[in-house]
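In this note's numbering, the protein residues as written are 78 to 254.
Just so you know, even glycine gets a beta-carbon here, dropped at the ideal spot from N, CA and C.
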Amino acid sequence: MNKIISIVLSLMVAVPAVFSPMLGAPAHASSLCDSCKILKLTYEGKDFGYMGLNGKGIFYGGADISDAVEFKEVKYQKADDAYYYEVAKDKNHYLDIKGTSSVLFSDKPIFSVDTSTIVAWQLIGSELHAIIGGQDTRKVVSRSATDEDSKILYGNFPEPLGDGHPCGIRILEKKSS
Numbered sequence: 078m079n080k081i082i083s084i085v086l087s088l089m090v091a092v093p094a095v096f097s098p099m100l101g102a103p104a105h106a107s108s109l110c111d112s113c114k115i116l117k118l119t120y121e122g123k124d125f126g127y128m129g130l131n132g133k134g135i136f137y138g139g140a141d142i143s144d145a146v147e148f149k150e151v152k153y154q155k156a157d158d159a160y161y162y163e164v165a166k167d168k169n170h171y172l173d174i175k176g177t178s179s180v181l182f183s184d185k186p187i188f189s190v191d192t193s194t195i196v197a198w199q200l201i202g203s204e205l206h207a208i209i210g211g212q213d214t215r216k217v218v219s220r221s222a223t224d225e226d227s228k229i230l231y232g233n234f235p236e237p238l239g240d241g242h243p244c245g246i247r248i249l250e251k252k253s254s
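What follows is the structure, given as structure tokens:
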């Protein structure tokens, strides 16, 4: 048994790219993806920076381009032009909405994203809409309705249906540095 463990450990050191995803370790920046996307935000027609991801797994607006979270678009099969947004540096974590608070957070499916409750996203006009079961939930990426100074992002219904303050979204190609 010790010999097997020793072999596995030596392979992990020799071939880290194979074992990193299994261990939940983030990929190295140079291997993120060739076609990563970043999300540029506006609020009430004014620049609101880029979508960022804090250390607690919560998405926020107002990030500098250097702190913009990079996403891989994973095709959603139940709707045209809809995607899951996988966090490129944290394999198998996706942009999702907390059911209890509507906060946007990084969520990991138990088995696969296709069989999970993680929402897909579709750009409709300049708003990014949450899609569940192939249907538009009408929830959009938004700012807090109660705290004007908060940069935390939510998936809320836009006014007049709800209390959300929708953000405009532009999906941009991440330029290599």
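- It is roughly 13 Å from the alpha-carbon of H170 to the alpha-carbon of T194.
- Here DSSP, grouped into helix, strand and coil, assigns I187 to coil.
- DSSP places L172 in the uninterrupted beta strand (DSSP E) bounded by Y171 to I174.
- The shortest C-alpha to C-alpha distance from G139 to any of F234, E250, K251 and S227 is the one to S227.
- Nearest to G132 by alpha-carbon distance, out of G126, D144 and G241, is D144.
- Measuring C-alpha to C-alpha distances from E204 to each of M128, I246, I174 and F125 identifies I246 as the nearest.
- Burial state of G232 is buried, judged by a 10 Å Cβ sphere holding 16 or more other Cβ atoms.
- Spanning the alpha carbons of R220 and I135 requires a straight line of approximately 13 Å.
- Following the DSSP letters along the chain, one finds P235 in no beta strand (DSSP E), marked with neither H nor E.
- CA-CA distance, L230 to L181, rounds to 6 Å.
- Taking the C-beta atoms as reference points, S183 is found nearer than 7 Å to V164.
- Under the three-state reduction of DSSP output, D144 falls in the helix class.
- Between I115 and E147 a beta carbon distance of about 6 Å is seen, short of the 8 Å cut, so the two are scored as contacting.
- Proximity to L130 across I209, D141, K251 and H242 peaks at D141, based on C-alpha coordinates.
- Counting other Cβ atoms within 10 Å of its Cβ, G241 reaches 16 or more and is therefore classed as buried.
- Membership of T214 in the beta strand (DSSP E) is indicated by the continuous run Q212 to R220.
- Within 10 angstroms of the beta-carbon of K152 lie fewer than 16 other beta-carbons, which makes it exposed.
- When DSSP states are grouped into helix, strand and coil, T192 belongs to the helix group.
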